[in-house]
Amino acid sequence: MRKYDMMEAYLDDYGRITAYVHEQFYQGKSDHFYLKDSTGTVIACSIMSVSRSDNSYTKYSLDAPKTIQIGKEYFVVADYALMCPLKFGYIVRTERFDKEFYYDGDDLGIHYEPKQTSFVLWAPIAIEVLVDMTSQGNRMIIPMKRTEKGVFRAVVPGNHDGARYVYRVNVNGRWNQAIDPYGQSACANKLAGFVINPQKTEMNMHDDCLPPFTSYTDAILYETHVRDFSKQCQTPYAGLFLGMIQKGLKTPNGNPAGFDYVKQLGITHLQLQPVADFTTVDENNPNGYYNWGYDPGHYNIPEGSYSTDPDDPYARITEFKQLVSAYHEAGIRIVMDVVYNHMHSLRNNDFEQIVP
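Here's what the structure looks like:
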């Protein structure tokens with residue numbers, strides 16, 4: 041966030057640095073500013089405008105040298121040797137930035153093979169990125185190489201099925217930790233991601249059992265919530281993905297319940313309220329908290345509180361796929377209620393840790 045330190049500086053556009061100097065430092069006044077790179081080279085920056093900012097800061101608009109390279113480390117130096125890192129600010133929202141760093145590859149994330157695992161992360165303003173991985177009890181710190189469009193890559197030899205990993209990202213003058221935003225699984229409460237062997241999650245999804253569907257107006261949808269629906273009958277899987285597909289359940293009056301109840305409704309689609317990882321339920325203590333799931337923490341990882349073991353790399357994936365497969369076999373399509381326009385925490389989410 042802006043304006044917390046004695047001086048802060050941001051590359052807000054190509055050719056423009058915005059600097060803030062607190063009034064406690066020589067009344068916020070500086071007649072000179074310089075850009076210093078990692079080699080020690082210093083270039084003077086012209087002051088284009090000066091204005092009073094909020095929170096007791098003086099705001100300076102500076103002419104930024106054209107030699108600035110996004111993804112390199114720089115410092116801004118003011119009078120009396122006051123210095124701060126140059127952070128990449130609103131420049132990430134500019135059209136030119138989008139053109140220069142837009143990446144349309146389909147290889148982001150991890151890619152497991154028995155003899156190696158590759159890691160691919162889009163982090164165009166990062167100075168440095170490391171993979172912090174623990175595999176078979178051994179911790180490894182692997183530097184990633186910057187490649188085209190600000191994409192960082194690393195290939196780690198060996199079989200790392202089920203390894204835990206996080207990214208450590210040097211960006212805007214600090215080291216951040218992030219879970220892979222393209223990851224497929226995580227341990228309880230998203231403390232780390234997992235390397236997944238996709239072959240272990242393969243199963244028959246019974247797509248051949250789905251009747252032809254050619255018109256939206258033919259859809260008959262029934263919406264429900266995994267936890268609420270599967271807790272109606274007290275079974276070992278109450279509140280879980282597997283509780284959604286238990287057969288032979290009855291109400292106290294002897295009527296079909298659970299999965300059998302849905303099958304008799306005559307619906308074409310079962311819509312599930314969010315099943316992607318959400319934040320306000322403790323996955324280790326799911327009965328202590330409640331939420332419908334519209335506060336996503338990770339868009340591509342199934343919610344761990346709905347699995348039998350949130351620390352198992354595969355449980356949340358295979359159990360959700362079992363749910364989908366069972367309803368497909370019954371001729372019912374599954375609709376996922378996704379909330380890409382929601383976010384539990386702007387400051388703490390993984391995207392913000394990688395590209396603020």
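Counting from 41, one number per residue, gives the positions in the sequence shown under this note's numbering.
Note that CB positions come from ideal geometry on N, CA and C, so glycine has one too.
Since the model is a prediction, treat every value here as computed from it, not as a measurement.
Taking C-beta atoms as the reference points, Ile87 and Leu75 fail to come closer than 8 Å. Beyond the five residues adjoining it in sequence on each side, Ile167 comes within less than 6 Å, by CB distance, of Glu113 and Asn210 in the same chain, given in chain order. Close CB contacts of Pro154 within its chain, under the 7 Å cut and outside five residues either way in sequence, are with Asn199 (chain order). In this structure, Ile394 sits away from Gly223, with a CB-CB distance that is not shorter than 8 Å. When the Cα atoms are used, Met284 and Ala370 turn out to be separated by approximately 13 Å. Closest in alpha carbon position to Ile182, among Glu188, His62, Asp172 and Gln176, is Asp172. Annotation: the continuous alpha helix (DSSP H) that includes Gly298 extends over Gly298 to Lys303. The beta carbon of Gly149 is closer than 7 Å to those of Val160, Asp220, Tyr222 and Gly223 in its chain, skipping five residues each way along the sequence. Contact annotation, Ala163 with Phe192: C-beta distance approximately 6 Å; criterion of less than 8 Å satisfied. Comparing C-alpha distances from Thr264 to each of Pro296, Gly333, Pro197 and Pro326 shows the shortest one belongs to Gly333. Annotated as proximal: Lys361 and Thr241, with beta-carbon spacing under 8 Å. Where Ala84 is concerned, the enclosing beta strand (DSSP E) starts and stops at Val82 to Cys85.
For Leu250, there is no enclosing beta strand (DSSP E), as DSSP gives it neither H nor E. The criterion of a C-beta distance shorter than 8 Å is satisfied by Tyr152 and Pro238.
Taking all protein chains shown into account, Arg204 has 16 or more neighbouring C-beta atoms within 10 Å of its C-beta and is therefore buried. Excluding residues up to 5 positions away in sequence, Met46, Met47, Gly68, Lys69, Ser70, Tyr97, Thr98, Tyr100, Ala118 and Leu122 lie with their Cβ nearer than 8 Å to the Cβ of Val61 in the same chain. The segment 288 to 353 contains, as complete beta strand (DSSP E) runs of 3+ residues, the segments 309 to 312 (chain order). DSSP places Arg387 outside any alpha helix (DSSP H), giving it a letter other than H or E. Per DSSP, the unbroken alpha helix (DSSP H) holding Thr358 starts and ends at Ala355 to Glu369. Counting of Cβ neighbours within 10 angstroms places Lys185 among the exposed residues, the total staying below 16. Within the model, the alpha-carbon separation for Asp77 versus Asp94 is close to 29 Å. Bridge partners of Leu75 according to DSSP: Ile83 and Val116.
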